[in-house]
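Let me begin by presenting the structure, written as structure tokens, before commenting on it.
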Amino acid sequence: MTNTTDTVLITGGATGIGLALAERFLAQGCQVIVVGRRAEKLAEAQDKHPRLITRVADVADEESRVELYHWVVENYPECNLLVNNAGIQKRINLTKISDRSWSELREEIAINLEAAIHLTLLFLPHLRSKERATIIQVTSGLSLIPAPFAPIYSATKAALRSFTLSLREQLADTQVRVVEILPPAVNTDLGGVGLHTFGEPLDAFADGVFADYLRGETEIGYGDAKQRLAMMPSEMHQRIAGMWRGFLQNNPDF
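Residue numbers (full-length UniProt numbering): 1 to 254.
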């Protein structure tokens with residue numbers, strides 16, 4: 001479901017899942033543009049993969065998103081594949097947030113949800129003008145069963161999943177394919193260095209979901225996230241409660 005003529009734009013593409021997906025699109029012969037906030041991380045990615053095209057942009061900022069859109073369509077009008085991957089995760093105890101400003105707390109909403117929706121809407125007319133196009137939304141297994149210790153993150157991913165389901169229905173009779181990737185915990189620096197070392201190996205995850213993407217699947221889970229897609233509501237509630245109890249046992253000062 002991809003070929004060497006695709007031009008792919010990936011947000012949050014300098015590290016982690018975004019870079020892993022970029023590597024696999026490159027291996028297919030695609031032209032790949034990766035976007036990130038940190039110029040040094042983009043430079044490291046380009047040093048590793050000289051064919052990568054990089055662009056510094058803060059997708060949390062509305063003006064920056066609009067500038068990114070105009071830069072892409074002016075310089076790479078052939079772009080036909082958008083991957084909304086950028087995301088951050090914060091561990092938050094909702095009973096202990098008196099010292100945290102709303103501007104700090106809403107950062108997850110701006111990056112994880114606002115950016116994905118806004119970029120989708122910005123690029124949609126452009127993508128619809130193509131013979132074929134794809135929008136990939138990277139949500140999370142936590143969109144199905146939230147992590148109580150990451151409540152805002154979980155909520156943003158649940159909202160993005162809902163938006164993606166609606167988007168797919170609205171575009172069902174068009175040439176724009178809508179794909180959702182639902183990662184489990186993956187061994188990346190999401191949430192902070194060292195916090196996800198217990199997760200799935202990054203390359204194994206990326207190989208698995210990319211193979212499903214190439215097979216034409218549109219709802220792609222992996223590992224625990226794939227199991228969650230098949231869970232009954234009662235099982236989900238039990239999993240949420242167990243996750244919270246286990247987290248508090250391991251983090252008594254949270």
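Cβ atoms here follow ideal geometry from the backbone N, Cα and C, with glycine treated the same way. What you are looking at is a predicted structure, and each value in this text was computed from that prediction instead of being measured.
key: Cβ neighbour criterion (16 or more within 10 Å) applied to A116   = Residue environment: A116 is assigned as buried (16 or more neighbouring CB atoms within 10 Å of its CB, all protein chains considered).
message = Applying the 10 Å Cβ sphere with the 16-neighbour rule, what's the burial state of N84?
response = buried
request  = Might you give, ordered along the chain, the residues of its own chain that have their beta carbon closer than 6 Å to the beta carbon of residue 255, omitting 5 neighbours on each side?
outcome  = No information on residue 255 is available, as it lies outside the stretch 1 to 254 that the chain covers here.
Proximity of V72 and L9 at Cβ, strictly below 8 Å = yes
request  = Throw me the rounded Cβ distance for the G29 and T4 pair, which I believe falls under 8 Å.
outcome  = Going by Cβ atoms, the distance from G29 to T4 rounds to 3 Å, so yes, they are a contact pair.
task = Can you give me the start and stop residues for the beta strand (DSSP E) that E62 sits inside?
result = Looking at the DSSP string, E62 is not in any beta strand (DSSP E); the run it does join, the alpha helix (DSSP H), is 62-75.
ask   = Start and end of the alpha helix (DSSP H) containing I145?
value = No alpha helix (DSSP H) holds I145; DSSP gives it neither H nor E.
ask   = For G36, which of helix, strand or coil comes out of DSSP?
value = strand
key: Presumed contact (8 Å Cβ cut-off) between R228 and G87, rounded CB distance   = Not really, about 18 Å apart at Cβ, beyond 8 Å.
query = Which residues mark the beginning and the end of the alpha helix (DSSP H) in which L202 is found?
reply = Membership of L202 in the alpha helix (DSSP H) is indicated by the continuous run 202-214.
key: Q227 - DSSP class collapsed to helix/strand/coil   = helix
task = Give every residue of the same chain whose Cβ lies closer than 6 Å to the Cβ of A110, excluding the five residues on either side of it in the sequence, and list them in chain order.
result = A60
query = Hey, is the region 11-19 in contact with the region 29-46, meaning 3+ C-beta pairs nearer than 8 Å?
reply = yes
task = List the DSSP bridge partners of Q137.
result = N84, E180
Three-state secondary structure (DSSP) of Q238 = helix
Collapsed DSSP secondary structure at L9 in the structure displayed = strand
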